[in-house]
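Protein sequences, first through last, are from chains A and B. Mapped onto the working numbering, the consecutive letters of the first sequence carry residue numbers 5 to 219. Mapped onto the working numbering, the consecutive letters of the second sequence carry residue numbers 817 to 1035. Think of the CB as a built atom: it goes at the ideal place given N, C-alpha and C, for glycine as much as any other residue.
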Amino acid sequence: MITSKIRNPSQTRPTEDRVTTLNNSEKRSDQWSQLLISVGENRDRKAFAQLFEHFGPLLKGFAHASRNEGWFPGLGDDLVQEVMIKVWNKAAGYNAEKASATTWIYTVARNCRIDMLRRKSNTQHLPLENEDFWHEPDEATPISLLQQKRSEDRVQDSLAQLPKEQDQILRKVYLEGKSHAEASAELGLPLGTVKSRVRLALQKMQIIVSKEAQE
Amino acid sequence: MTNKTTHHPDQNMLIEFSAGTLETAASICVSAHLHFCASCRAQLLRLDQVGSQIMSQAEPVEVAKDALFQVMEKIDSGDKATPIETKVDGDMPFSVNKLIGTSLIDKNWKRLSSSVDVARFKTGQDNFEVALHKICAGGKTPKHGHEGLEYTVVLKGSFSDENAVYREGDFLLRQPGDVHQPMGAQNGECICLSALSAPIVPTSPLGFLMKPWLRINPM
């Protein structure tokens, strides 16, 4: 059994302990983010094991959903391993005020998946990994975990209410990792239709605002 | 809003970026824009939340019983120190900094015309030439059209054309058929990141002066 280790004091980050600053309702709000914070701050192996148990099979499913160029049968296990090692190594830099653990782990998984597929299908030297595109400055206005949890719940509810064709297109894009052009070829739809269908789905979910409404 | 950029990538581009399906050259440009644009970063977070919820609904696939054990072994045998992710320093986006550090084809600016210098990158893809362009203060470029796509992000200073003034962080997409004549601002040099998919075509009689523009070298 994996036991949690006492963390080396030299690894202590100068920032205040974020676990204790969260109020109770926030603590209840998002257990995954709590666990991730604990991994980052205390090298908490128990917390990591819990994250692994929850996200491991999802990550493998996420890898299996993509049948793109470069796909190979062992991708699922490789992705689980690579992502979870990254989660452990990068947890100290995780900022709960920027994104929830679920969103953060999604971005790690997405970047890993693309990089693994690219490495398999591309023989050229690639100076940039997908991860390199994701170094944004911290925001002036932090978002509390509670707020994030609420908006993620809303995303989940609104996903469930999408018409079938809109749900299908979002899955192609996000789960299968298909570009708009690939989705258009697969579904036999013009590229413009794919683009507008994706936008319509996200407008319906109130993620993006329609262009007419913006003006 | 604190964010001053007025020209942004379109929604589908940001969506593809969030899903990880945007091609490399365009991704470099979008990531450069995000460095400057708080409103696109906020939009991106919302899109990533969609991605995360869709991933959460993936059909779970059982992992090997010893998968966690193997991961812990790798962690324990590998690097112990956990470098906290490097913060983005300076005025340049992380991806551009990294390209400048690792992938310049030539370390020096190369003169394209009396007012424009170029520095090309090797980016490991064949579809776009990715480069920095420097327009000197008040520099005029020849009027030209585009046969392919061109993404441009202003990294420093500003330039203008017939339609608008473009400032730090602004993201522009030129479509095939667009004709324009960019001009550097009077008050200082302007540096842009660009990704160009096809040679540009001079439309003025003096167009032959910009011959070096006519070759693109995707690397």
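Among the residues of its own chain, which have a CB less than 6 angstroms from the CB of residue i, if the five just before and after it don't count?
i	result
residue 994 of chain B	962
residue 841 of chain B	944, 946, 1011
residue 904 of chain B	Confidence at residue 904 of chain B is low in this model, with a pLDDT of 47, below 50, so the placement of that residue is unreliable and no value is reported for it.
residue 87 of chain A	63, 112, 113, 116
residue 851 of chain B	909
residue 990 of chain B	962, 966
residue 122 of chain A	none
residue 8 of chain A	With a pLDDT of only 40 at residue 8 of chain A, under the threshold of 50, the placement of this residue in the model should not be trusted, and no figure is reported.
Which residues mark the beginning and the end of the beta strand (DSSP E) in which residue i is found?
i	result
residue 885 of chain B	Looking at the DSSP string, residue 885 of chain B is not in any beta strand (DSSP E); the run it does join, the alpha helix (DSSP H), is 883-893.
residue 945 of chain B	945-951
residue 849 of chain B	From DSSP, residue 849 of chain B is part of no beta strand (DSSP E) but of the alpha helix (DSSP H) over 840-852.
residue 942 of chain B	Note, residue 942 of chain B: premise wrong, no beta strand (DSSP E); not H, not E.
residue 960 of chain B	960-962
residue 826 of chain B	Note, residue 826 of chain B: premise wrong, no beta strand (DSSP E); not H, not E.
residue 193 of chain A	Here residue 193 of chain A belongs to no beta strand (DSSP E), and DSSP marks it neither H nor E.
residue 971 of chain B	966-972
residue 1007 of chain B	1006-1012
Beta-carbon of residue i versus every beta-carbon of chain A: anything under 8 angstroms?
i	result
residue 876 of chain B	yes
residue 824 of chain B	no
residue 919 of chain B	yes
residue 915 of chain B	yes
residue 935 of chain B	no
residue 821 of chain B	no
residue 900 of chain B	For residue 900 of chain B, the predicted structure reports a pLDDT of 46, less than 50, and the residue's modelled location is therefore unreliable. A value from the coordinates is still provided. For residue 900 of chain B, the answer is yes, since a Cβ of chain A falls inside 8 angstroms of its Cβ.
residue 828 of chain B	yes
residue 908 of chain B	no
residue 904 of chain B	In this prediction, residue 904 of chain B has a pLDDT of 47, which is less than 50 and means its spatial position is unreliable; what the coordinates show is noted afterwards. For residue 904 of chain B, the answer is yes, since a Cβ of chain A falls inside 8 angstroms of its Cβ.
residue 968 of chain B	no
residue 857 of chain B	yes
residue 871 of chain B	yes
residue 817 of chain B	Low confidence applies to residue 817 of chain B: its pLDDT is 34, below 50, so where it sits in the model is not reliable, and the reading given next is rough at best. No, because no Cβ of chain A sits closer than 8 angstroms to the Cβ of residue 817 of chain B.
residue 957 of chain B	no
Taking Cβ positions only, does residue i come closer than 8 angstroms to chain B?
i	result
residue 25 of chain A	Confidence at residue 25 of chain A is low in this model, with a pLDDT of 49, below 50, so its placement is unreliable and the value that follows should be read with caution. No, no contact with chain B.
residue 140 of chain A	yes
residue 41 of chain A	no
residue 85 of chain A	yes
residue 106 of chain A	yes
residue 203 of chain A	yes
residue 149 of chain A	no
residue 37 of chain A	no
residue 115 of chain A	yes
residue 112 of chain A	no
residue 82 of chain A	no
residue 88 of chain A	yes
residue 126 of chain A	yes
residue 175 of chain A	yes
residue 208 of chain A	no
residue 163 of chain A	yes
residue 76 of chain A	no
residue 18 of chain A	Summary for residue 18 of chain A: the model assigns pLDDT 43, below 50, so the residue's position carries little reliability, and this model does not support an answer.
residue 53 of chain A	yes
residue 134 of chain A	yes
residue 167 of chain A	no
I need the boundaries of the alpha helix (DSSP H) containing residue i, first residue and last residue.
i	result
residue 990 of chain B	Element bounds for residue 990 of chain B: not the alpha helix (DSSP H) but the beta strand (DSSP E), 987-990.
residue 914 of chain B	910-918
residue 40 of chain A	35-46
Please list, in chain order, all residues of the same chain as residue i whose beta carbon is under 7 angstroms from its beta carbon, the five residues on each side excluded.
i	result
residue 215 of chain A	none
residue 79 of chain A	67, 120
residue 106 of chain A	36, 156
residue 1004 of chain B	953, 973
residue 84 of chain A	60, 63, 64
residue 863 of chain B	830, 831, 834
residue 201 of chain A	169, 170, 173
Taking 8 angstroms as the limit between beta carbons, can you name the residues of its chain near residue i, skipping five residues before and five after?
i	result
residue 206 of chain A	174, 212
residue 56 of chain A	88
residue 225 of chain A	With chain A covering 5 to 219 only, the question about residue 225 of chain A has no answer from this structure.
residue 110 of chain A	none
Inset, instruction - Let me know the beta strand (DSSP E) ranges lying completely inside the stretch 99-166 of chain A, each 3 residues or longer, listed in chain order. - result: Fully enclosed beta strand (DSSP E) runs of 3 or longer: not present.
Legend entry - Cβ contact check for the stretch 131-150 of chain A and the stretch 905-917 of chain B: 3 or more pairs under 8 angstroms: yes
Inset, instruction - Closer than 8 angstroms, Cβ to Cβ, to anything on chain E: give me those residues from the stretch 879-893 of chain B, in chain order. - result: Going by chain labels, chain E is absent from the structure shown, which instead holds the protein chains A and B.
Inset, instruction - Count the C-beta pairs between the stretch 872-892 of chain B and the stretch 50-69 of chain A that are closer than 8 angstroms, then say yes if the count reaches three, no if not. - result: yes
Inset, instruction - Check whether the stretch 186-193 of chain A touches the stretch 940-947 of chain B, counting contact only when three or more Cβ pairs, one atom from each stretch, lie closer than 8 angstroms. - result: No contact exists between the stretch 186-193 of chain A and the stretch 940-947 of chain B.
Inset, instruction - Spell out a yes or no on whether the stretch 851-868 of chain B and the stretch 45-60 of chain A are touching, meaning 3 or more CB-CB pairs, one atom from each, closer than 8 angstroms. - result: no
Legend entry - Three CB pairs or more closer than 8 angstroms across the stretch 95-110 of chain A and the stretch 859-873 of chain B: yes
Legend entry - Validate contact between the stretch 922-941 of chain B and the stretch 964-974 of chain B using beta carbons, cut 8 angstroms, 3 pairs: no
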